[in-house]
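Since the structure comes first, as structure tokens, the remarks are kept for the end.
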Amino acid sequence: MDIKKMLAIAKGEFPADLVIKNARVANVFTLEYEKKDVALYGGTIAGIGEGYSGKEEVDASGTVLAPGFIEGHCHIESTMLTPAGFAEMVLLRGTTTVMADPHEIANTCGMDGLEFMYRESLNVPLDIFFLAPSCVPASPFETPHEELDAWAIKSSYEQGWCTALGEVMNYPAVINGDEGMWSKLLASWDVVKSGHAPGVTGKELCAYLLSGCSSDHESATRDEGLEKLRRGMWLMIRQGATEHNLAELLPLIIENEARSSRAMFVSDDLTAKHIHTKGHLDGIIRLAVQEGLSPLAALRMVTLSPACYFKLFDRGAIAPGYSADLVLIDSLERCNVIHVWKKGKWTVRNGEVLNTPFERDKCYPTAVKALYIPSREELSIRSSRDKKIRVVGLIKGQVVTEHCIETPTVRRAEVIADSERDLAKIVVVDKNSGSKRFFSGFVKGLGLNKGALASSVAHDAHNFIAAGMDDSSIVSALNELRRLGGGLVVAFEDQVMASLSLPVGGLMCDGNALDVIQAIEEVEKAARDLGTPMTHPFMAMSFLSLSVIPELKITDQGYVDLNRGGLMSFFVDDEDN
């Protein structure tokens with residue numbers, strides 16, 4: 000960088016590389032618009048004002064120039080795309096920086112998974128900063144490929160793969176002073192540490208905050224979100240494909256927009272189809288504005304706020320010396336992206352990503368293929384009618400579940416699924432460690448009438464999960480998963496109705512987004528043919544094994560409810576009711 004030349008450009012004495020002229024510049028410092036020219040040099044914003052000239056000039060009359068959008072918390076693997084495929088989609092939507100927690104692939108492939116994600120991210124024209132997975136496993140009741148301890152966390156920083164600590168989900172371990180958990184926190188003491196504390200309030204919240212975990216994307220109520228803001232946390236308002244917290248939490252910001260300086264919008268988990276049809280952060284801006292938030296405050300929450308939280312002081316605003324990560328849109332209300340510049344270079348022009356497809360890394364890690372699948376006989380659960388059972392209660396639009404106690408449907412001394420009661424059998428099989436461990440339980444809320452769904456996407460350990468109305472369909476679906484080495488499967492009795500292979504760590508495809516979207520639509524349609532009314536049934540099912548989210552979950556080790564102490568029995572004694 001020629002400093003004297005940049006100074007001359009800033010003073011208007013020398014032409015810039017590029018000048019964007021006549022735009023309404025969105026100022027996220029003061030929450031106002033300015034009609035100014037913006038001069039770029041060598042990937043940096045050199046000057047803002049009137050009368051700048053450039054080697055290239057863009058007339059942006061009638062449009063809004065905004066800082067590039069920053070995703071503060073997401074899991075790329077949830078899109079079922081690798082970093083390259085993900086980048087092709089979100090660049091179109093104005094996203095230029097992503098803070099990604101790769102704990103999904105870390106659970107299935109360990110450190111090899113982290114290295115792959117980092118390596119492929121180097122080939123895309125946006126910045127993907129990875130956060131070291133703090134909870135692999137998420138709790139002692141999940142079975143990953145390998146445990147990532149404090150030394151692994153430290154190594155990920157030293158290798159340059161990770162720059163911050165990913166969401167610290169095992170909040171009971173933090174609050175209770177677990178030595179292993181705190182060793183990871185201490186190994187990360189000089190970096191930003193992301194939190195994860197669903198329903199944690201009061202004195203327990205105070206204890207959790209002593210860890211240095213300073214953000215949370217799990218607040219589900221207004222009171223919870225406000226308390227966390229008051230205690231110094233950064234509030235991440237999540238609006239994902241199936242987890243929708245914006246409507247509940249946004250009034251906190253609308254009633255006092257100064258809070259936008261300590262809050263941000265995040266997606267957490269999105270499908271490729273959701274990004275294609277509804278957008279990424281651009282879609283969240285549109286929704287927030289429709290709900291009553293001022294457009295500039297909404298913009299701040301996907302630019303300056305996440306930049307400040309993650310100490311990315313070179314981006315998040317349009318100002319001299321900032322990185323030239325810029326998005327030209329028609330308006331913040333509509334938020335249709337026209338052009339995108341990353342470090343001053345065109346990456347999206349007239350709504351099309353340039354120089355695609357981005358390079359894929361073909362040396363990707365694969366999940367375990369050779370594993371044990373239980374037989375129909377082994378899945379059978381014997382019981383009499385007088386015993387009650389625990390059932391995972393799925394809540395539409397939420398990752399939290401209910402801990403239900405139900406009288407089982409029993410036929411010939413066997414507990415069975417019952418479509419009239421919306422009770423499906425659910426099975427989790429360990430694929431990561433080579434054991435023959437599995438656990439069978441029941442779930443209500445999937446809406447299946449027949450057949451079974453199975454997936455290798457099952458947060459966070461991503462063992463095989465299947466839910467169905469009969470054991471034959473469940474076994475067929477699981478066997479197809481084993482053959483594929485991971486994916487999504489719909490089966491009815493002995494027939495596979497539809498499937499999608501996910502060869503990269505059992506979580507992602509290495510193809511382009513549109514092909515993946517089409518394949519997902521086919522398996523989701525097949526799932527709906529089995530009766531489920533859910534738009535994204537596989538994503539909803541994937542969270543039923545996430546043991547660190549209240550209340551009742553299911554893993555290969557059994558039913559888990561951390562709020563009640565951990566592992567839970569299948570049958571319920573009278574005193575447990």
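So in the numbering used here, spot 95 of the sequence shown is number 94, and the numbers just go up one at a time.
Note that the Cβ used here is the ideal one computed from N, Cα and C, for glycine as well.
Span of the alpha helix (DSSP H) around residue i
i	result
D560	Segment G557 to D560 is the beta strand (DSSP E) holding D560; no alpha helix (DSSP H) there.
Y40	No alpha helix (DSSP H) holds Y40; the beta strand (DSSP E) holding it covers E31 to Y40.
G224	R221 to R229
P502	Where P502 is concerned, there is no enclosing alpha helix (DSSP H), given that its DSSP letter is neither H nor E.
M88	P82 to L90
L470	The sequence given here has Asp at residue 470, not Leu. Its alpha helix (DSSP H) spans residues D470 to L483.
L130	Note, L130: premise wrong, no alpha helix (DSSP H); beta strand (DSSP E) at D126 to A131.
K344	K344 -> not in any alpha helix (DSSP H); beta strand (DSSP E) instead, spanning K344 to R348.
D514	A512 to D528
W340	Counting along the chain, W340 falls outside any alpha helix (DSSP H), though it belongs to the beta strand (DSSP E) covering V336 to K341.
T107	H102 to C108
Residue i versus the options, residue with shortest Cα-Cα distance
i	options	result
Y363	T81, M300 and N26	T81
S432	Q556, E157 and W160	Q556
A416	K20, G450, F438 and K386	G450
E358	K387, Y32 and D509	D509
S544	C161, F438 and E146	F438
I404	M533, I394, V442 and R411	V442
A323	V37, M0 and I2	V37
K20	T62, G201 and A240	T62
V336	F68, A45, L447 and D1	F68
L325	A9, L147, K4 and V24	V24
K35	A490, S455, R482 and P319	P319
D424	S374, M468 and W188	Reading off the sequence shown, one finds Lys at residue 424, where the question assumed Asp. Residue M468 is the option with its Cα nearest to K424.
D215	S187, L248, E166 and G201	E166
W181	C134, E242 and S120	C134
S546	P536, A457 and L483	A457
G579	P171, G484 and A149	This structure gives no information on residue 579, because the portion of the chain shown stretches from 0 to 576.
G50	K552, H461, V18 and G505	V18
I519	F537, T531, G504 and G505	F537
E254	F128, I284 and S293	S293
V571	S213, W345 and K386	K386
Contacts around residue i, its chain only, beta-carbon distance under 6 Å, and the 5 residues preceding and following it disregarded
i	result
L303	V27, G315 and A316
E492	S471 and S472
A7	F13
A525	V489, M496 and A497
I274	M88
F542	V398 and H458
Simplified DSSP assignment, three categories, for residue i
i	result
P364	coil
S418	helix
W150	helix
T270	coil
I464	strand
G282	helix
Q494	strand
C508	strand
W181	helix
M263	strand
Sequence-distant residues of its chain with Cβ nearer than 7 Å to residue i (five each side left out)
i	result
P14	S52, G53 and K54
P549	P197, G198, V399 and N562
M507	E76, M79, L80, T81 and L501
Presumed contact (8 Å Cβ cut-off) between residue i and residue j, rounded CB distance
i	j	result
T95	L280	Going by Cβ atoms, the distance from T95 to L280 rounds to 10 Å, so no, they are not a contact pair.
S382	V347	Their Cβ separation, rounded to whole angstroms, is 59 Å, which puts S382 and V347 out of contact at 8 Å.
A366	L30	Their Cβ separation, rounded to whole angstroms, is 47 Å, which puts A366 and L30 out of contact at 8 Å.
A163	N122	A163 to N122, Cβ: 22 Å. No contact.
P101	G109	Going by Cβ atoms, the distance from P101 to G109 rounds to 11 Å, so no, they are not a contact pair.
Residue interval of the beta strand (DSSP E) (run including residue i)
i	result
K20	A15 to N26
K387	K387 to L393
S193	K192 to G194
F438	F437 to K443
A539	A539 -> not in any beta strand (DSSP E); alpha helix (DSSP H) instead, spanning P536 to S541.
Own chain, CB closer than 8 Å to residue i, minus 5 neighbours either side, in chain order
i	result
A206	V173 and I174
E413	S379, I380, R381 and S382
Proximity test, residue i beta-carbon vs the ligand COA heavy atom, cut-off 7 Å
i	result
E377	With respect to the ligand COA, the structure offers nothing, as it holds no ligand at all.
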